[in-house]
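J.: For reference, the structure I am asking about is given below.
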Amino acid sequence: SPLWTQKQNKCFERALAIFDKDTPDRWEKVASMVPGKTTEEVKHHYDVLVEDLKCIESGQVPFPNYKNTEGSKGNGKTTIINDDDHRRLRYLKL
Numbered sequence: 644s645p646l647w648t649q650k651q652n653k654c655f656e657r658a659l660a661i662f663d664k665d666t667p668d669r670w671e672k673v674a675s676m677v678p679g680k681t682t683e684e685v686k687h688h689y690d691v692l693v694e695d696l697k698c699i700e701s702g703q704v705p706f707p708n709y710k711n712t713e714g715s716k717g718n719g720k721t722t723i724i725n726d727d728d729h730r731r732l733r734y735l736k737l
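Structure (structure tokens):
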């Protein structure tokens with residue numbers, strides 16, 4: 644599924660913190676920690692994240708100003724990334 648829930652993104656973030664780039668079978672291990680996602684989906688999600696960060700850091704895209712709205716919290720269908728989440732993503736060991 645191309646949509647990622649907030650829970651799946653949190654699991655993905657935790658898995659990346661545990662399994663760095665030198666971990667054997669990294670993507671299989673990451674996928675095992677993200678409910679409902681395959682190895683291919685987590686690898687693709689990672690690749691998109693890396694490209695987004697490269698574009699932001701190179702100035703090609705303005706730093707996004709995500710809003711964490713009450714109406715979107717906890718619905719399990721939409722991911723809203725707040726400033727704290729974005730700061731954590733920038734410093735993951737990618």
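Just so we're aligned: the sequence shown equals residues 644 to 737 in my numbering.
For glycine and all other residues, C-beta sits at the position ideal for the given N, C-alpha and C.
#1: So, with DSSP's three-state summary, where would you put residue 681?
#2: So, for residue 685: in the same chain, excluding its five sequence neighbours on each side, which residues have a beta-carbon less than 7 Å away from its beta-carbon?
#3: Just tell me which of 668, 679, 701 and 661 has its CA closest to the CA of residue 649.
#4: Apart from the five residues just before and just after residue 682, which ones in its own chain have a Cβ nearer than 6 Å to its Cβ?
#5: According to DSSP, simplified to helix, strand and coil, what is residue 692?
#6: The ligand NAD and residue 691: does the residue's C-beta get closer than 7 Å to at least one heavy atom of that ligand?
#7: DSSP on residue 659, reduced to helix/strand/coil?
T.: So, from the listed chains and residues:
#1: It is coil, neither helix nor strand.
#2: Cβ neighbours of residue 685 beyond the five flanking positions: 655, 670, 673, 674 and 677.
#3: Ranking the options by Cα distance to residue 649, first place goes to 679.
#4: Answer for residue 682: 670, 671 and 674, listed in chain order.
#5: DSSP places residue 692 in helix when its eight states are reduced to three.
#6: By its list of ligands, the structure shown contains no ligand whatsoever, and the ligand NAD lies outside what it can speak to.
#7: Helix, per DSSP.
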